[in-house]
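Worksheet for the structure shown next.
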Amino acid sequence: MPELPEVETIRRDLEQYILNLRIKKVTAISSKVLRTSLKNLQKKLLNTHITAITRRGKLLIFSLHDEKHHLLIHLKMTGQLIYRTKKFLIAGGHSLGQRIGGLPDAYTRLILTFQNGAELFLNDMRLFAYAHIVDHPTLEKTLSAFGPEPLSSDFTKNYLEIILKKRQTSIKAILLNQTLIAGIGNIYADEVCFAAGIRPDRKASTIKKDGVARLHEAIITILPLAITKRGTTFNSYVDGTGKKGNFVSHLQVYGHGGKPCPRCGTTLQKKKVAGRGTVICPQCQK
DNA sequence: CCTTGTGTTCTCCG
DNA sequence: CCGGAGAACACAAG
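To convert, count from 1 in the first sequence and add 611; that's our numbering.
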């Protein structure tokens with residue numbers, strides 16, 4: 612599940628490699644991931660280049676040289692974006708040009724080929740990921756639906772307090788709500804709640820000022836740490852070059868249901884909160 | 001059956 | 001009965 616730290620890792624990786632590379636070929640293997648026609652995708656991408664890569668929540672925004680259009684890519688649950696140099700793709704030529712690194716593979720849905728022979732693969736096992744081409748007004752409309760970036764100055768303790776105060780739903784539902792805070796998914800929602808000592812199923816409006824402060828601190832500490840560790844590879848996430856992230860060994864509760872709490876040793880409970888599998892330490896989280 | 005991000009649809013309550 | 005919040009469902013494949 613690529614969440615903010617994973618998508619940011621991919622963004623930073625790709626920014627190093629694909630900016631200003633002329634796109635020579637656009638290959639759609641599965642049109643299901645296209646939110647526009649292949650024809651339109653080719654028309655907008657061929658013989659131009661990407662001038663900037665930005666991120667909003669879990670959404671990647673590739674801005675095109677025409678200064679009018681943007682390629683949007685969302686990886687949803689199992690999507691991958693992997694860059695391969697030509698050298699990597701043809702390396703080892705000893706086996707009749709067979710590609711190493713296994714790309715494209717059975718889950719490759721879209722390929723961008725650059726003038727230098729490098730390729731960008733959009734892979735997705737479950738076909739939830741998408742690629743779209745939008746103009747400025749559409750982009751603005753899309754972005755306006757997102758809540759503040761948790762690592763920007765817009766995301767203050769005061770803002771968090773305000774959005775929690777009047778809500779009757781669980782704190783976890785709020786952390787997962789992209790219109791309230793952008794970029795947190797199931798992994799980091801559980802990690803943040805554990806770090807803050809707050810039960811994810813607790814009603815948001817009951818969280819007092821000190822709890823809000825701990826939640827805020829947990830969010831702005833854990834997300835950057837996960838970015839420095841290049842994200843969490845639990846199932847299918849890989850970075851922009853196909854490598855796994857290293858944050859999984861730092862996870863305190865996610866995926867640890869039934870195991871002892873790393874802080875107090877109490878058995879971590881698993882239950883469904885906000886429709887998602889959720890791990891809670893009944894001792895440390897109140 | 002379970003897993004999950006998000007868009008859509010349904011339900012409930014004031 | 002209306003509006004909006006929040007919950008439930010749909011999607012997909014292993």
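Just so it is clear, CB atoms sit at the ideal spot from N, CA and C, and this is done for glycine as well.
Quiz prompt | Span of the beta strand (DSSP E) around residue 634 | solution = Boundaries of the beta strand (DSSP E) around residue 634: 634-639.
Self-check item: Beta carbon of residue 802 nearer than 8 Å to that of residue 862
Solution: Contact flag set, yes.
Quiz item: By Cβ distance, which residues of its chain are closer than 7 Å to residue 850, with the 5 residues on each side in sequence left out?
Solution: Closer than 7 Å at Cβ, skipping near neighbours: 620, 621, 624, 841, 842 and 856.
Self-check item: DSSP beta-bridge partners of residue 798
Solution: In the DSSP assignment, residue 798 forms no beta bridge with any residue.
Quiz item: Do the segment 866-881 and the segment 637-649 meet, that is, are 3 or more Cβ pairs less than 8 Å apart?
Solution: Result no; under three Cβ-Cβ pairs closer than 8 Å.
Quiz prompt | Start and end residues, beta strand (DSSP E) containing residue 683 | solution = Segment 680-685, the beta strand (DSSP E) holding residue 683.
Exercise. Determine the direct distance from the alpha carbon of residue 890 to that of residue 881, and round the result to whole angstroms.
Key: Between residue 881 and residue 890, the C-alpha separation is close to 5 Å.
Exercise. Could you name the residues that DSSP lists as bridge partners for residue 865?
Key: Within the DSSP bridge table, the entry for residue 865 names no partner.
Quiz item: How about residue 683 and residue 618: are their beta carbons less than 8 Å apart?
Solution: Not closer than 8 Å, so no.
Quiz item: What is the rounded straight-line gap between the Cα of residue 875 and the Cα of residue 747?
Solution: Going by the C-alpha atoms only, they are around 51 Å apart.
Practice problem: Label residue 810 either buried or exposed according to how many other C-beta atoms from any shown protein chain fall within 10 Å of its C-beta, with 16 as the threshold for buried. | Solution: So residue 810 ends up on the buried side.
Exercise. Check the C-beta distance from residue 732 over to residue 778 and give it rounded, since I have them as a contact under 8 Å.
Key: Wrong, their Cβ atoms sit about 40 Å apart, outside the cutoff.
Quiz prompt | CA-to-CA distance, residue 627 to residue 767, given in whole angstroms | solution = Cα to Cα, the separation comes out at about 31 Å.
Exercise. Taking only the alpha-carbon atoms, compute the straight-line gap between residue 781 and residue 681 and give it to the nearest angstrom.
Key: Distance between the alpha carbons of residue 781 and residue 681: 35 Å.
Quiz item: Per DSSP, which one or two residues make a beta bridge with residue 719?
Solution: When DSSP reads this structure, residue 719 sits in a beta bridge with 734.
Quiz item: Residues in its own chain within less than 6 Å of residue 800 by CB, not counting five upstream and five downstream?
Solution: Residues of the same chain with a CB within less than 6 Å of the CB of residue 800, apart from the 5 flanking positions on each side, are 783, 786 and 787 in chain order.
Practice problem: Mark residue 719 as exposed unless 16 or more other C-beta atoms lie within 10 angstroms of its C-beta, in which case mark it buried. | Solution: Flag for residue 719 reads buried.
Practice problem: Go through its chain and collect everything with a Cβ distance to residue 774's Cβ below 7 Å, but skip five positions before and after it. | Solution: Correct list, in chain order: 785 and 791.
Quiz item: For residue 747, does the three-state DSSP call read helix, strand or coil?
Solution: In this structure, DSSP gives residue 747 a helical state, which the three-state scheme calls helix.
Practice problem: Would you identify the three-state DSSP class for residue 770, choosing helix, strand or coil? | Solution: Residue state, collapsed to three classes: helix.
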